[in-house]
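With positions in the sequence shown counted from 1, the corresponding number in this note's numbering is that position plus 1376.
For every residue, glycine included, the Cβ atom is placed at its ideal position computed from N, Cα and C.
Following: one structure in structure tokens, then a few remarks.
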Amino acid sequence: MTPTTSTERSIAAAEAHSAHNYHPLPVVVASAEGAWMTDVEGKRYLDMLAGYSALNFGHGNRRLIEAAKRQLDRVTLTSRAFHHDRFAEFCTRLAEFCGMEMVLPMNTGAEAVETAVKTARKWGYRAKGVPDGRAKIVVAENNFHGRTTTIVSFSTDPEARADYGPYTPGFEIVPYGDLQALADAVDEDTVAVLIEPIQGEAGVLVPPPGYLPGVRELTRERDVLFIADEIQSGLGRTGADFACRHEDVVPDMYVLGKALGGGIVPVSAVVSSREVLGLFRPGEHGSTFGGNPLACAVALEVLAMLRSGEYQQRATELGEHLHHELGLLVGGGAVDAVRGRGLWAGVDINPALGTGREISERLMKLGVLVKDTHGSTIRLAPPLVITKEDLDWGLDQLRTVLAG
Ligand SMILES: *Cc1c(COP(=O)(O)O)cnc(C)c1O
């Protein structure tokens, strides 16, 4: 078929010249503000995905854009070969926000997870005394921690993993939410347990109550680092600074990304204690762009905004409303289950109504953008700045689609 609309032309050109490692919904965004995006034909869509939480503060957030602009006019990149004047403040404020001592900045989430893996192994050899080459990290089934060769080595998703071997050894996979399986997997060579406190890509899976405190207790007893990948769950999404906080759990290490960059630049970090991150010596790890002035300026503004507690409160209040409304749909035939916390939900649609993809396409036609995960699950994670009216409008469109 010959493309006729500007949307069709744009998509055809993208398909001709980009690898097909994604299957985007057929919408071509040209601009965005707050929770709304506008496509190349002028049609408006409510963004109920928020870049997988990278856009917690919405599109074009004025405070963040202004902070970025100010920094763009001063200095954007020095590399870590030199100091720059936003670096110390960024590390200090982020450590403070996390209640920890040290920060190792990177750019993307996957790089931060890689950094966490390297940090845990180093700690295992230098501090715990694990014999060289034997360090083991225990992870959970259906995890999503990123796309590097090492990270997909411990993925259980065949799509993410196939064709990329040989795989990095040193990981053991246990069922998520199963404390006994975790206890059985941890041995004297185990240096870390790496989990998402809520599994995002798996469909917004919240572990059973007591699981995270159990992981905390077990790892403390067995001298193993508890690494919480809060790249998607942290920084306000669930209504708290971190998803771990809902169960009063403090891990040994946070892995952060997505919202830390304010939807403007990729900013990620590993945050931990001096005992752990203090083990690095010059030359042992790094990144050209990690901790650059622009990234630090944006992330500092993100942290200042989070310190007000305003976004966490919005996520809590709007999240209660969202889950109340979604809960009413369960059992009516259209929705099998709803999970989540704060302004974040995984909705299992009755497969008879269509795949998650088909539901997403129908929602798109009504002006709502969401993303399916596996099978018939869709995920809702609007920007935390969304208004209650807009959220209700989005839910109305969902009810329309589910009513067939
Ligand atoms: C998105 C995500 C990552 C990977 O982040 P990228 O910036 O895409 O590399 C890792 N862990 C979790 C939990 C994520 O949601």
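* Report the residue from 1653, 1755 and 1738 whose alpha carbon sits nearest the alpha carbon of residue 1492. => Locating residue 1492 in the sequence shown gives position 116, where the first residue counts as 1. Residue 1492 has its Cα closest to that of 1653, out of 1653, 1755 and 1738.
* To do: Say whether chain E places a C-beta atom closer than 7 Å to the C-beta of residue 1760.
  => The structure shown contains no chain E; it is built from a single protein chain.
* Asked: Applying the criterion that 16 or more other CB atoms from any shown protein chain within 10 Å of the CB defines a buried residue, is residue 1525 buried or exposed?
  -> The residue you call residue 1525 lines up with position 149 of the sequence shown. Exposed, because fewer than 16 other Cβ atoms sit within 10 Å of the Cβ of residue 1525.
* To do: Could you tell me how far apart the beta carbons of residue 1364 and residue 1625 are, in whole angstroms, since I believe they sit closer than 8 Å?
  => A question about residue 1364 goes unanswered here, because the residues of the chain that appear run from 1377 up to 1780.
* With contact counted as at least three CB pairs below 8 Å, one residue from each stretch, are the stretch 1635-1655 and the stretch 1670-1681 in contact? -> yes
* Less than 7 Å separating the beta-carbons of residue 1732 and residue 1712? -> Here residue 1732 refers to the residue found at position 356 when the sequence shown is read from its first residue. Here residue 1712 refers to the residue found at position 336 when the sequence shown is read from its first residue. Result no, Cβ atoms of residue 1732 and residue 1712 do not sit closer than 7 Å.
* To do: Could you spell out where the alpha helix (DSSP H) holding residue 1424 opens and where it closes?
  => If you number the sequence shown from 1, residue 1424 lands on position 48. No alpha helix (DSSP H) holds residue 1424; DSSP gives it neither H nor E.
* Just the Cα atoms here: how many angstroms apart are residue 1385 and residue 1629? -> Taking the first residue of the sequence shown as 1, we reach residue 1385 at position 9. Taking the first residue of the sequence shown as 1, we reach residue 1629 at position 253. If you take the alpha carbons of residue 1385 and residue 1629, they lie about 46 Å apart.
* Count the other C-beta atoms from every protein chain shown that fall within 10 angstroms of the C-beta of residue 1663, then say buried if there are 16 or more, exposed otherwise. => Residue 1663 sits at position 287 when you count from the first residue of the sequence shown. When all chains shown are included, residue 1663 counts as buried.
* To do: Given a cut-off of 7 Å, decide if residue 1562 and residue 1506 are closer than it, judged by their beta-carbon atoms.
  => Along the sequence shown, read from residue 1 onward, the residue named residue 1506 stands at position 130. Along the sequence shown, read from residue 1 onward, the residue named residue 1562 stands at position 186. No, these two residues do not count as a Cβ contact at 7 Å.
* **For residue 1378, the residue or residues it bridges with in DSSP** => The residue given as residue 1378 occupies position 2 in the sequence shown. BP columns for residue 1378 are empty, so no partner.
* Asked: First and last residue of the beta strand (DSSP E) that includes residue 1513?
  -> If you number the sequence shown from 1, residue 1513 lands on position 137. Residues 1512-1516.
* Whole-angstrom distance between residue 1496 and residue 1647, CA atom to CA atom -> Looking up residue 1647 in the sequence shown gives position 271. Looking up residue 1496 in the sequence shown gives position 120. Put simply, the backbone Cα of residue 1647 is about 12 Å away from that of residue 1496.
* To do: Would you kindly work out how many angstroms separate the C-alpha atoms of residue 1519 and residue 1616, rounded to a whole number?
  => Here the question's residue 1519 lines up with position 143 in the sequence shown. Here the question's residue 1616 lines up with position 240 in the sequence shown. Residue 1519 and residue 1616 have their C-alpha atoms roughly 22 Å apart.
* Look at the Cβ atom of residue 1527, then the Cβ atom of residue 1486, and state whether they are nearer than 7 Å. => As a working mapping, residue 1527 is identified with position 151 in the sequence shown. As a working mapping, residue 1486 is identified with position 110 in the sequence shown. It is a contact, given that the beta carbons lie within the stated cut-off.
* residue 1521 beta carbon near ligand 1 (any heavy atom closer than 6 Å) -> Working through the sequence shown from its first residue, we reach residue 1521 at position 145. Yes, ligand 1 has a heavy atom inside 6 Å of this Cβ.
* **Assumed close pair residue 1504, residue 1546 - CB separation to whole angstroms, cut-off 8 Å** => Position 128 of the sequence shown, counted from the first residue, corresponds to residue 1504. Position 170 of the sequence shown, counted from the first residue, corresponds to residue 1546. That pair is no contact at about 14 Å.
* Name the two residues that bound the continuous alpha helix (DSSP H) containing residue 1609. => Stepping through the sequence shown from its first residue, residue 1609 is reached at position 233. Element bounds for residue 1609: n/a, residue is neither H nor E.
* Asked: So does residue 1571 have its beta carbon nearer than 6 Å to some heavy atom of ligand 1?
  -> Taking the sequence shown and counting its residues from 1, the one referred to as residue 1571 is at position 195. Not so, every heavy atom of ligand 1 lies at least 6 Å from the Cβ.
* **Whole-angstrom distance between residue 1744 and residue 1408, CA atom to CA atom** => Along the sequence shown, read from residue 1 onward, the residue named residue 1408 stands at position 32. Along the sequence shown, read from residue 1 onward, the residue named residue 1744 stands at position 368. Taking the straight line from one Cα to the other gives about 13 Å.
* To do: Mind checking which residues open and close the beta strand (DSSP E) that includes residue 1555?
  => Counting from 1 along the sequence shown, the entry for residue 1555 is found at position 179. Element bounds for residue 1555: not the beta strand (DSSP E) but the alpha helix (DSSP H), 1555-1561.
* Which residues in the same chain have their Cβ closer than 8 Å to the Cβ of residue 1710, if we skip the five residues on either side of it in sequence? -> Along the sequence shown, one-based indexing puts residue 1710 at 334. In the same chain as residue 1710, and ignoring 5 residues on each side of it, the C-beta atoms closer than 8 Å to its own belong to 1725, 1726, 1729, 1778 and 1779, in chain order.
* To do: Note down, one range per segment and in chain order, each alpha helix (DSSP H) of at least 4 residues found wholly within the stretch 1392-1436.
  => Here the runs fully enclosed are 1426-1429.
* Whole runs of the beta strand (DSSP E) within the stretch 1567-1649, excluding any shorter than 3 residues -> Whole beta strand (DSSP E) segments, 3+ residues: 1601-1605, 1629-1632 and 1644-1648.
* Asked: Who are residue 1724's beta bridge partners in DSSP?
  -> Here the question's residue 1724 lines up with position 348 in the sequence shown. Answer is 1713 and 1753, bridged to residue 1724.
* Asked: Can the beta-carbon of residue 1736 be found closer than 7 Å to that of residue 1608?
  -> The sequence position of residue 1736 within the sequence shown is 360, counting from 1. The sequence position of residue 1608 within the sequence shown is 232, counting from 1. Not in contact: residue 1736 and residue 1608 (Cβ atoms no closer than 7 Å).
* **For residue 1702 and residue 1675, believed in contact at Cβ under 8 Å, the rounded distance** => Within the sequence shown, the letter at position 299 stands for residue 1675. Within the sequence shown, the letter at position 326 stands for residue 1702. That pair is no contact at about 32 Å.
* **Exposed unless 16 or more other CB atoms sit within 10 angstroms - verdict on residue 1566** => Looking up residue 1566 in the sequence shown gives position 190. Residue 1566 comes out buried.
* **C-beta contact flag for residue 1753 and residue 1722 at 7 Å** => For the purposes of this step, residue 1753 is identified with residue 377 of the sequence shown, where counting begins at 1. For the purposes of this step, residue 1722 is identified with residue 346 of the sequence shown, where counting begins at 1. A distance below 7 Å separates the beta carbons of residue 1753 and residue 1722.
* Secondary structure of residue 1760, DSSP reduced to three states -> Counting from one through the sequence shown, the residue named residue 1760 turns up at place 384. Three-state result, residue 1760: coil.
* To do: Taking residue 1494 as the reference, give the member of 1456, 1433 and 1655 with the closest Cα.
  => On the sequence shown, residue 1494 is found 118 positions in, with the first residue counted as 1. For the residues 1456, 1433 and 1655, the minimum Cα distance to residue 1494 belongs to 1655.
* CB of residue 1759 within 7 Å of CB of residue 1434, strictly -> By 1-based counting over the sequence shown, the position of residue 1759 is 383. By 1-based counting over the sequence shown, the position of residue 1434 is 58. The answer is yes: Cβ separation under 7 Å.
* Own chain partners of residue 1500 with C-beta closer than 6 Å, once the 5 adjacent residues on each side are dropped -> Against the sequence shown, residue 1500 aligns to sequence position 124. Hits under 6 Å: 1506, 1511 and 1567.
* **Burial state of residue 1768 (16 or more Cβ within 10 Å)** => Taking the first residue of the sequence shown as 1, we reach residue 1768 at position 392. With fewer than 16 Cβ atoms within 10 Å of its Cβ, residue 1768 is classed as exposed.
* **Three-state class that DSSP yields for residue 1481 in the structure shown** => Within the sequence shown, numbered from 1, the residue matching residue 1481 stands at position 105. Strand.
* Flag this pair as yes or no: are the beta carbons of residue 1587 and residue 1610 separated by less than 7 Å? => Indexing the sequence shown from 1 puts residue 1587 at position 211. Indexing the sequence shown from 1 puts residue 1610 at position 234. No, the pair does not count as a contact, with Cβ atoms beyond the cut-off.
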